[in-house]
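Novice: In my numbering, the protein residues as written are 13 to 137.
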């Protein structure tokens, strides 16, 4: 249950970051939500689900957790950028977003990811 709460919180945060982004030219009705593949993320982090959940419950940011696993913030951002761009490419191909929205999301991607991985899940309790 806690995994689901964290995953939903993470997805909400990423969505929230994009709503705040300067993508103002997209046609009405277009929505893009990046979905985190948690098993793939855990594999990338070389972590178990329990390790990850425990760290998040203690207020450790994803960037801090990755750092403890020997993964730099820039590598973590790169990982998420690749994953997000794959999903954006598919959304563009399927007509869920247009080229203008795609470019806007792309231009704000690293900033949004950086905010997300440095988010403290315990900060607002």
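Backbone N, C-alpha and C define an ideal beta-carbon position, used for all residues, glycine too.
1) Is the number of C-beta pairs between the stretch 108-128 and the stretch 59-72 that are closer than 8 angstroms three or more?
2) Would you kindly work out how many angstroms separate the C-alpha atoms of residue 139 and residue 52, rounded to a whole number?
3) Please report the distance separating the alpha-carbon of residue 88 from that of residue 124.
4) In this structure, how does DSSP classify residue 45 when only helix, strand and coil are distinguished?
5) What residue does the alpha helix (DSSP H) around residue 84 start on, and which one ends it?
6) Under DSSP, the alpha helix (DSSP H) around residue 52 begins and ends at which residues?
7) Terminal residues of the continuous alpha helix (DSSP H) containing residue 114?
8) At the level of alpha carbons, what is the spacing between residue 108 and residue 132?
9) CB residue 44 to CB residue 113, shorter than 8 angstroms?
Specialist: Answer, in terms of the structure:
1) Using a Cβ-Cβ distance cut-off of 8 angstroms, the stretch 108-128 and the stretch 59-72 are not in contact, since fewer than three pairs of beta carbons, one from each stretch, lie closer than that value.
2) What is shown of the chain runs 13 to 137, which leaves residue 139 out entirely.
3) Counting from one through the chain shown, the residue named residue 88 turns up at place 76. Counting from one through the chain shown, the residue named residue 124 turns up at place 112. Roughly 13 angstroms between the two C-alpha positions.
4) On the chain shown, residue 45 is found 33 positions in, with the first residue counted as 1. When DSSP states are grouped into helix, strand and coil, residue 45 belongs to the coil group.
5) As a working mapping, residue 84 is identified with position 72 in the chain shown. Note, residue 84: premise wrong, no alpha helix (DSSP H); not H, not E.
6) As a first step, residue 52 must be located in the chain shown, where it is residue number 40. First-last of the alpha helix (DSSP H) with residue 52: 50-57.
7) Translated into the one-based positions of the chain shown, residue 114 becomes position 102. Annotation: the continuous alpha helix (DSSP H) that includes residue 114 extends over 111-129.
8) Residue numbering aside, residue 108 sits at position 96 when the chain shown is read from its first letter. Residue numbering aside, residue 132 sits at position 120 when the chain shown is read from its first letter. If you draw a straight line from the Cα of residue 108 to the Cα of residue 132, it comes to about 31 angstroms.
9) Position 32 of the chain shown, counted from the start, is the residue given in the question as residue 44. Position 101 of the chain shown, counted from the start, is the residue given in the question as residue 113. Yes, Cβ-Cβ distance for residue 44 and residue 113 is below 8 angstroms.
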